[in-house]
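Asker:
2 protein chains.
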Amino acid sequence: MYQSKLFTKTTKNISQEEQSRNAQLLVRGGFVDRLTAGVYSFLPLGLRVMKKIENIIREEMNKVDGQEIFMPALCPRENYDKTDRYEILAGDILFHAESKHTKNLVLNQSHEEVITPLMKKFVSSYKDLPLAVYQFQDKFRAEPRPKSGVLRGREFIMKDLYSFHISQDDLDIYYDKVTDAYRRIFDRSGVGKETYLTYASGGSFSKYSHEFQTLTEAGEDIIYLCRDCQVAVNKEIIEDQAGKCPLCAKEELEQLKSAEVGNIFKLGTRFSDSFNLTVLNEKGESSPVIMGCYGIGLQRLMGTIVEIFNDDKGIIWPEAVAPFKVHLISLDQNENANKLYQKLIEAGVEVLFDDRESVGAGQKFAEADLIGCPWRVVLSQKTTTAGQVEIKSRGDEKVEYITEEALVKKLLG
Amino acid sequence: MYQSKLFTKTTKNISQEEQSRNAQLLVRGGFVDRLTAGVYSFLPLGLRVMKKIENIIREEMNKVDGQEIFMPALCPRENYDKTDRYEILAGDILFHAESKHTKNLVLNQSHEEVITPLMKKFVSSYKDLPLAVYQFQDKFRAEPRPKSGVLRGREFIMKDLYSFHISQDDLDIYYDKVTDAYRRIFDRSGVGKETYLTYASGGSFSKYSHEFQTLTEAGEDIIYLCRDCQVAVNKEIIEDQAGKCPLCAKEELEQLKSAEVGNIFKLGTRFSDSFNLTVLNEKGESSPVIMGCYGIGLQRLMGTIVEIFNDDKGIIWPEAVAPFKVHLISLDQNENANKLYQKLIEAGVEVLFDDRESVGAGQKFAEADLIGCPWRVVLSQKTTTAGQVEIKSRGDEKVEYITEEALVKKLLG
Numbered sequence: 022m023y024q025s026k027l028f029t030k031t032t033k034n035i036s037q038e039e040q041s042r043n044a045q046l047l048v049r050g051g052f053v054d055r056l057t058a059g060v061y062s063f064l065p066l067g068l069r070v071m072k073k074i075e076n077i078i079r080e081e082m083n084k085v086d087g088q089e090i091f092m093p094a095l096c097p098r099e100n101y102d103k104t105d106r107y108e109i110l111a112g113d114i115l116f117h118a119e120s121k122h123t124k125n126l127v128l129n130q131s132h133e134e135v136i137t138p139l140m141k142k143f144v145s146s147y148k149d150l151p152l153a154v155y156q157f158q159d160k161f162r163a164e165p166r167p168k169s170g171v172l173r174g175r176e177f178i179m180k181d182l183y184s185f186h187i188s189q190d191d192l193d194i195y196y197d198k199v200t201d202a203y204r205r206i207f208d209r210s211g212v213g214k215e216t217y218l219t220y221a222s223g224g225s226f227s228k229y230s231h232e233f234q235t236l237t238e239a240g241e242d243i244i245y246l247c248r249d250c251q252v253a254v255n256k257e258i259i260e261d262q263a264g265k266c267p268l269c270a271k272e273e274l275e276q277l278k279s280a281e282v283g284n285i286f287k288l289g290t291r292f293s294d295s296f297n298l299t300v301l302n303e304k305g306e307s308s309p310v311i312m313g314c315y316g317i318g319l320q321r322l323m324g325t326i327v328e329i330f331n332d333d334k335g336i337i338w339p340e341a342v343a344p345f346k347v348h349l350i351s352l353d354q355n356e357n358a359n360k361l362y363q364k365l366i367e368a369g370v371e372v373l374f375d376d377r378e379s380v381g382a383g384q385k386f387a388e389a390d391l392i393g394c395p396w397r398v399v400l401s402q403k404t405t406t407a408g409q410v411e412i413k414s415r416g417d418e419k420v421e422y423i424t425e426e427a428l429v430k431k432l433l434g
Numbered sequence: 022m023y024q025s026k027l028f029t030k031t032t033k034n035i036s037q038e039e040q041s042r043n044a045q046l047l048v049r050g051g052f053v054d055r056l057t058a059g060v061y062s063f064l065p066l067g068l069r070v071m072k073k074i075e076n077i078i079r080e081e082m083n084k085v086d087g088q089e090i091f092m093p094a095l096c097p098r099e100n101y102d103k104t105d106r107y108e109i110l111a112g113d114i115l116f117h118a119e120s121k122h123t124k125n126l127v128l129n130q131s132h133e134e135v136i137t138p139l140m141k142k143f144v145s146s147y148k149d150l151p152l153a154v155y156q157f158q159d160k161f162r163a164e165p166r167p168k169s170g171v172l173r174g175r176e177f178i179m180k181d182l183y184s185f186h187i188s189q190d191d192l193d194i195y196y197d198k199v200t201d202a203y204r205r206i207f208d209r210s211g212v213g214k215e216t217y218l219t220y221a222s223g224g225s226f227s228k229y230s231h232e233f234q235t236l237t238e239a240g241e242d243i244i245y246l247c248r249d250c251q252v253a254v255n256k257e258i259i260e261d262q263a264g265k266c267p268l269c270a271k272e273e274l275e276q277l278k279s280a281e282v283g284n285i286f287k288l289g290t291r292f293s294d295s296f297n298l299t300v301l302n303e304k305g306e307s308s309p310v311i312m313g314c315y316g317i318g319l320q321r322l323m324g325t326i327v328e329i330f331n332d333d334k335g336i337i338w339p340e341a342v343a344p345f346k347v348h349l350i351s352l353d354q355n356e357n358a359n360k361l362y363q364k365l366i367e368a369g370v371e372v373l374f375d376d377r378e379s380v381g382a383g384q385k386f387a388e389a390d391l392i393g394c395p396w397r398v399v400l401s402q403k404t405t406t407a408g409q410v411e412i413k414s415r416g417d418e419k420v421e422y423i424t425e426e427a428l429v430k431k432l433l434g
């Protein structure tokens with residue numbers, strides 16, 4: 022993309038209310054815009070990152086046989102009455118959608134109240150199971166004081182997967198598969214090394230749920246990490262655990278701050294009971310469907326990536342989720358740079374091309390650092406005369422000079 | 022996709038409240054599920070159609086230099102106060118989003134109140150113009166009595182494009198470009214022949230707006246069509262037009278029912294004035310930005326396609342928006358059919374493979390007709406023995422027998 026055409030600009034003016042590092046950098050870089058507390062627009066650069074994350078998640082959901090659907094944000098209140106969640110949620114994060122012509126509609130904060138009755142229409146026999154469906158959909162949660170930037174929004178896109186099983190054993194097998202899929206998602210997104218499977222409260226459903234917690238000072242959670250087992254315990258249940266690792270019972274756990282980037286839950290029959298979702302088992306008897314649910318907040322993951330990968334100059338995107346792989350900068354060499362731009366595009370490389378003529382080298386470099394594409398390529402009088410281009414990795418200070426052919430090879434390698 | 026894995030099933034049981042042909046067929050075929058009046062879930066087949074439509078629109082929006090963004094559904098009420106639309110809309114289709122922890126939030130029914138102040142942050146000079154941004158986002162409209170299936174939902178995805186110009190002339194040029202892009206979108210979606218540019222009320226913004234109206238008895242609009250000029254006039258302004266074609270002044274216009282599948286609007290300074298969106302012009306003077314907006318409701322378009330392309334057996338999808346190009350049916354020939362399925366997948370053909378073993382030929386054919394993929398391919402004992410496959414177009418009664426090689430060629434051609 023030609024940067025001269027990109028409508029966003031980087032800015033130094035950001036709202037005093039943006040106290041989180043992720044929101045400060047994302048707003049300054051022109052990735053997002055804050056409409057009101059906890060509510061953001063995703064601008065071209067930010068949307069590109071979101072789509073990269075979405076596609077990684079979609080590929081991994083398809084690998085565990087998830088079928089993609091799209092459920093509505095609106096929901097009749099009566100569905101929440103059936104699960105007895107209305108009172109609890111309405112006193113807290115639930116939004117009502119009120120209008121002159123409708124009544125008793127709420128905005129889904131999660132989709133158990135939609136997917137469970139939906140499945141009732143299609144599932145009747147154990148032969149229909151197991152199955153899993155997922156979606157990418159806006160969730161609405163009226164957070165009391167959102168102050169963590171895109172980490173905790175009042176409106177955000179969640180990938181939510183729901184699975185349906187004839188038995189607890191079958192759920193357990195699938196749950197482990199999704200656990201592996203989640204590890205791949207966080208590995209591919211760049212935060213795998215900092216992300217730990219964490220034992221958390223299972224609510225009324227099961228002994229534990231599991232969270233994927235990423236170590237960052239910006240996180241709102243505290244976990245106790247066992248370095249030996251590479252698992253952690255959420256502070257909320259550390260007392261129940263008597264301060265021990267649930268796997269090796271070691272007591273020397275590290276207390277660390279972290280952000281929850283995913284959670285997986287064995288729901289059991291909590292929701293199938295509410296909607297009487299049953300199937301006939303092999304013996305022809307009615308059997309309640311056993312459910313699991315598995316969530317990832319896309320903005321949360323994006324914000325966490327930014328919290329981890331940045332320096333005093335800006336963001337340092339992991340390649341798989343970067344808005345562009347290459348930031349190509351022309352210093353008064355637009356004709357040559359444009360040829361290289363076309364060459365890279367044809368080779369299938371994603372390039373943001375800073376072709377702006379009225380902007381000086383210093384500002385171009387500063388903006389490239391702020392936006393944080395993995396590779397910065399510069400064409401200047403000097404490099405052109407030498408028949409070379411300058412290339413630098415965003416995370417590195419070292420500048421290299423190579424031929425265009427070597428550049429294409431390097432970027433495709 | 023293996024049909025045995027697809028969680029949806031076709032059904033004969035549909036809500037008495039579904040009186041529209043599009044919703045009846047889409048629910049029966051397992052494309053959509055009705056959660057409550059005007060609120061639908063999109064199931065795997067339905068979501069595939071939606072994504073096809075979305076991608077056609079995205080390609081055409083990119084061709085007119087649209088930059089994709091994603092704005093929130095939530096919006097502070099004060100933005101609607103600024104445009105003086107709050108009172109009008111709150112008394113009608115506007116949803117309030119009420120919660121314990123938030124106040125004065127509404128759900129966007131359109132996004133002028135978000136995009137205009139957003140642009141104010143990035144646009145300051147005539148050199149920043151023209152520019153155009155678009156999104157695919159849920160819109161919320163509390164329709165009083167939604168009864169047209171997916172044609173008029175209380176929640177639906179709209180592609181909304183907004184353009185920003187230094188002058189009326191520049192807007193006019195771009196407006197014509199978008200008009201052409203819209204024609205391509207409707208052509209590619211299969212409804213081009215039945216869709217007419219229609220003069221409609223310009224509201225307080227301009228003399229006319231333009232709608233794209235598709236002829237169908239299911240439509241909620243009435244238009245007066247001039248066959249000579251291939252343009253129409255919406256009933257709402259036919260009196261102002263003295264019953265004449267706005268181009269040739271002919272008085273013999275055909276009165277027809279139609280559905281509005283797109284609309285384009287010259288907003289002028291209606292919204293830039295509210296938010297004081299100005300730029301410095303070439304003379305260094307402050308000049309209000311001239312705006313245009315351009316919408317397409319994705320479910321509306323999908324429903325209209327279904328209304329036009331169906332028979333007493335089911336839907337007949339145009340190829341470009343079909344959930345799958347081929348419905349491959351195995352009649353006790355799963356091994357051979359599976360080989361053909363793999364061959365077609367490898368060739369890049371989208372195939373729904375009916376591999377279900379407990380379902381008879383009659384039901385398989387009936388379901389294929391209902392789901393409406395463009396090509397039905399059958400493998401049976403008879404065809405296999407003859408080294409052939411049976412192929413039939415959904416819109417045609419004629420059955421052909423050809424070799425697998427000829428089939429692949431035909432489907433790729």
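Chains L and P are the protein sequences, given in the same order. Residues in the first sequence are numbered consecutively from 22, following my numbering. Residues in the second sequence are numbered consecutively from 22, following my numbering. Every residue, glycine too, gets a C-beta built ideally from N, C-alpha and C.
#1: So which residues on chain L does P/H231 lean against when the C-beta distance must stay under 9 Å?
#2: Mind checking who L/V300 pairs with in its DSSP beta bridge?
#3: Check whether the region 224 to 234 of chain P and the region 280 to 294 of chain P are in contact - that is, three or more C-beta pairs closer than 8 Å.
#4: Please confirm if L/T290 has its CB atom under 8 Å from at least one CB of chain P.
#5: How is L/Q262 classed by DSSP in three states: helix, strand or coil?
#6: Kindly list the residues whose CB is nearer than 6 Å to the CB of P/T137, restricted to its own chain and excluding five residues on each side of it in sequence; keep chain order.
#7: In the DSSP assignment, find the alpha helix (DSSP H) that holds L/N129 and state where it starts and stops.
#8: Select from L/Q88, L/V85, L/M92 and L/Q130 the residue whose C-alpha is nearest the C-alpha of L/Y8.
#9: May I ask which residues mark the beginning and end of the beta strand (DSSP E) holding L/I412?
#10: Any C-beta of chain C sitting closer than 8 Å to the C-beta of L/I90?
#11: Which residues, in order along the region 347 to 361 of chain P, keep a beta-carbon less than 9 Å from a beta-carbon of chain L?
#12: Taking only beta-carbon positions, decide if L/C247 is within less than 8 Å of chain P.
#13: Please list the terminal residues of the continuous beta strand (DSSP E) segment that includes P/E281.
#14: Under 8 Å, do P/K271 and P/G240 count as touching if we go by C-beta distance?
#15: Among the residues of its own chain, which have a CB less than 8 Å from the CB of P/W396, if the five just before and after it don't count?
#16: So P/Y196 and P/V154 are in contact, right, with Cβ under 8 Å, and what is the actual spacing, rounded?
#17: Return the CA-CA distance between L/A280 and P/G50, expressed in angstroms with no decimal places.
#18: Let me see if you follow: with CB-CB separation under 8 Å, is L/Y147 close to chain P or not?
#19: Does P/F456 get closer than 8 Å to chain L when you measure Cβ to Cβ?
#20: For P/I366 and P/I350, I'd like the C-alpha separation in whole angstroms.
#21: What would DSSP say about L/T219, mapped onto helix, strand or coil?
#22: The alpha helix (DSSP H) that contains L/Q158, what's its start and end?
#23: For L/G318, which residues from the same chain have a beta carbon less than 6 Å from its beta carbon, with the 5 sequence-adjacent residues on both sides left out?
#24: Please report the residue range of the alpha helix (DSSP H) in which L/T406 lies.
#25: Using three-state DSSP, classify L/E421 as helix, strand or coil.
#26: P/M323: which of P/L301, P/L400 and P/I74 sits nearest, CA to CA?
#27: Taking three-plus beta-carbon pairs below 8 Å as touching, is the region 34 to 45 of chain L in contact with the region 146 to 165 of chain L?
#28: DSSP three-state label for L/S210, please.
#29: Please list the terminal residues of the continuous alpha helix (DSSP H) segment that includes L/R42.
#30: Taking 8 Å as the threshold (beta carbon to beta carbon), is L/A427 in contact with chain P?
#31: Identify the continuous alpha helix (DSSP H) that holds L/Y101 and give its terminal residues.
#32: Could you run through the region 102 to 126 of chain L and flag, in chain order, every residue whose CB is less than 8 Å away from some CB of chain P?
#33: I want to verify the contact list: residues of chain L whose CB lies under 8 Å from the CB of P/E176, in sequence order.
#34: Counting along the chain, where does the alpha helix (DSSP H) carrying P/M179 start and finish?
#35: Given this structure, state the Cα-to-Cα distance separating L/I258 from L/Y220, to the nearest angstrom.
#36: DSSP state of L/T29, grouped into three classes?
Answerer: In brief:
#1: Residues of chain L with a Cβ closer than 9 Å to the Cβ of P/H231 do not exist; the shortest Cβ-Cβ separation is about 25 Å.
#2: Under DSSP, L/V300 forms a beta bridge with L/S308.
#3: A contact between stretches requires three or more CB pairs, one per stretch, nearer than 8 Å, and the region 224 to 234 of chain P meets this requirement with the region 280 to 294 of chain P.
#4: Chain P, which has no Cβ nearer than 8 Å to the Cβ of L/T290, makes this no.
#5: Coil at L/Q262, not helix or strand.
#6: Taken in chain order, the residues that qualify are F292, F296 and L298.
#7: First-last for L/N129: undefined, no H or E at that position.
#8: The structure shown does not extend to residue 8 of chain L, since chain L is modelled only from 22 to 434, so the question has no answer here.
#9: It spans V410 to S414 - the beta strand (DSSP E) in which L/I412 sits, taken as one unbroken run.
#10: Although the question refers to chain C, the structure presented lacks it and instead comprises the protein chains L and P.
#11: Contact annotation: in the region 347 to 361 of chain P, no residue has its CB less than 9 Å from a CB in chain L.
#12: So, not an interface residue.
#13: Per DSSP, P/E281 belongs to the beta strand (DSSP E) from E275 to G289.
#14: Contact flag unset, no.
#15: If we look at P/W396 and ignore the five residues flanking it on each side, its Cβ neighbours are K346, V347, H348, I412, K413, S414, R415 and L432.
#16: Contact between P/Y196 and P/V154 fails: their C-beta atoms lie close to 16 Å from each other, not under 8 Å.
#17: L/A280 and P/G50 have their C-alpha atoms some 42 Å from each other.
#18: Chain P contact via Cβ: absent.
#19: Residue 456 of chain P lies beyond the range of chain P shown here (22 to 434); nothing can be said about it.
#20: Answer to the nearest angstrom: the Cα atoms are 15 Å apart.
#21: In the structure shown, L/T219 adopts extended strand secondary structure according to DSSP, grouped into three states.
#22: For L/Q158, there is no enclosing alpha helix (DSSP H); the residue is part of the beta strand (DSSP E) that begins and ends at L152 to F161.
#23: Around L/G318: F177 and M179.
#24: Run containing L/T406: Q402 to T406, per the alpha helix (DSSP H) assignment.
#25: In the structure shown, L/E421 adopts extended strand secondary structure according to DSSP, grouped into three states.
#26: Shortest Cα-Cα distance from P/M323 to any of P/L301, P/L400 and P/I74 involves P/I74.
#27: No, the region 34 to 45 of chain L does not touch the region 146 to 165 of chain L.
#28: Looking at L/S210 - three-state DSSP - the assignment turns out to be helix.
#29: Taken as a continuous stretch (DSSP letters only), the alpha helix (DSSP H) holding L/R42 covers R42 to R49.
#30: Using a CB distance cut-off of 8 Å, L/A427 does not count as an interface residue toward chain P.
#31: Here the alpha helix (DSSP H) through L/Y101 covers R98 to K103.
#32: Across the region 102 to 126 of chain L, CB contacts with chain P closer than 8 Å involve A111, G112, D113, I114, L115, F116, H117, A118, E119, S120, K121, H122, T123 and L126, in sequence order along the chain.
#33: The contacting residues are P93, A94 and L95.
#34: Note, P/M179: premise wrong, no alpha helix (DSSP H); beta strand (DSSP E) at E176 to H186.
#35: Near 8 Å, if we compare the C-alpha coordinates of L/Y220 and L/I258.
#36: In the displayed model, L/T29 falls within coil according to three-state DSSP, outside both helix and strand.
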